[in-house]
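Residues in the sequence shown are numbered consecutively from 1, following full-length UniProt numbering. Below: one structure, written as structure tokens.
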Amino acid sequence: MAPNQPIVKEVTGWLRVFADGTTDRTWTGPPHRGFIDGVATHNVVIDTNSSVAVRIYIPEKNMIDTQDKNKLPLLLQFHGGDFCISRADWFMYYHFYACLVRTARAVCVSVYLPLAPEHKLPAACDEAYADFLFLVGDSTCGNLVHQLAARAGDTNTDPVHLSSGILLHPGFLRAEPSKSFLETPEMPLLTREMVNKFISLALPVGSTKDHPITCPMGSLNDLLRDLELEYCEAMEAAGKDVEVSMNRGMGHNFYFNKLAIDMDPESAAQADKLIEAITNFISRH
């Protein structure tokens, strides 16, 4: 953070870019090695040379079904934030993924990705490919799940086996805005101005939203809904097995808004429905 430097770009409340190139981001929380509500978290540096780091969520042993023979699903999670904000240690991620790990009885490895504008695309995609199993990505990092699965299909990844991918409200965009992008009411976690500013910071110089990562071809009230569904149709046309789960009346990444989930019974019920859908998907694959 460089408080004495002039701010050259800003997405209010989320990201500030200073004249010297440094950035200010917030909303993080520490790990805890002890089990809290059945889940422990650890921060681990995987590779000191490349600084690849992850946050690991582990379910408590007494929560694990003995019929599983000590084998647990491994979820590799990539955080969203339009490639510019959010981290594996974001507090809002903790509440959702701790609940998912507890419910699905799975280990979740959340990767710290390089962020724009310091690291423009495809930096996050390249970093994520170095880490991948059972892929989970939210918002724009749902886009990375697609990119990594495509790369894995062209590469011998033995002994690692990629089982499936879960795209939570992926951030697909086009230079020509979709109907849902223009007409869906904005939400606190997603406005048109936020999306446009973040993507402009993330894209390589000279690129548009038609870049393959942002447009390789959700919730019902998601600004990005139209292209999410178009993506599913394209994958089905390519012969892939696709399952779609919709949360009616909910906005983009609603499941991270802990305040709404604590205060609004419908938001809480829809978040539970999403976690149940993910858990069932994992158990079947």
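All residues carry an ideal CB built from backbone N, CA and C; glycine is no exception.
Can you have a look at residue i and say buried or exposed, based on whether 16 or more other CB atoms are within 10 angstroms of its CB?
i: T12; result: exposed
i: M194; result: buried
i: D262; result: exposed
i: V205; result: exposed
i: I166; result: buried
i: I36; result: exposed
i: F134; result: Residue placement at F134 cannot be trusted, given a pLDDT of 48 that sits under 50; what the coordinates show is reported in the next sentence. Buried: at least 16 other Cβ atoms inside 10 Å.
i: T184; result: buried
i: D20; result: exposed
i: A88; result: buried
i: L223; result: buried
Going by DSSP, what residue range makes up the beta strand (DSSP E) through residue i?
i: A19; result: A19 -> no beta strand (DSSP E), and no H or E assigned at all.
i: P59; result: 52-59
i: S110; result: 107-111
i: T279; result: Here T279 belongs to no beta strand (DSSP E); instead the alpha helix (DSSP H) covers 265-284.
i: D47; result: 39-47
i: F256; result: Per DSSP, F256 belongs to no beta strand (DSSP E) and is neither H nor E.
Between the Cα of residue i and the Cα atoms of the options, which residue gives the shortest distance?
i: E186; options: P212, H252, A149, L168; result: H252
i: V242; options: E228, P6, R151, F198; result: E228
i: E118; options: A202, N196, F172; result: A202
i: T191; options: T208, G171, S207, D210; result: G171
i: T214; options: L173, K61, A271, R55; result: L173
i: A269; options: N247, G239, H285; result: N247
Report whether the distance from the Cβ of residue i to the nearest heavy atom of the ligand MN is below 7 Å.
i: F254; result: As far as ligands go, the structure on display features none, and thus does not contain the ligand MN.
Between which two residues does the alpha helix (DSSP H) carrying residue i extend?
i: K197; result: 192-202
i: T103; result: 91-104
i: F181; result: 179-183
Using beta-carbon positions only, say whether residue i and residue j come within less than 8 Å of one another.
i: Y255; j: F96; result: yes
i: T22; j: Q5; result: yes
i: L76; j: V111; result: yes
i: A116; j: F83; result: yes
i: N49; j: P31; result: no
i: A149; j: L162; result: yes
i: I282; j: P73; result: yes
Report back the beta-carbon spacing between residue i and residue j to the nearest angstrom; my notes put them in contact at under 8 Å.
i: T279; j: A104; result: 4 Å
i: I85; j: W14; result: 5 Å
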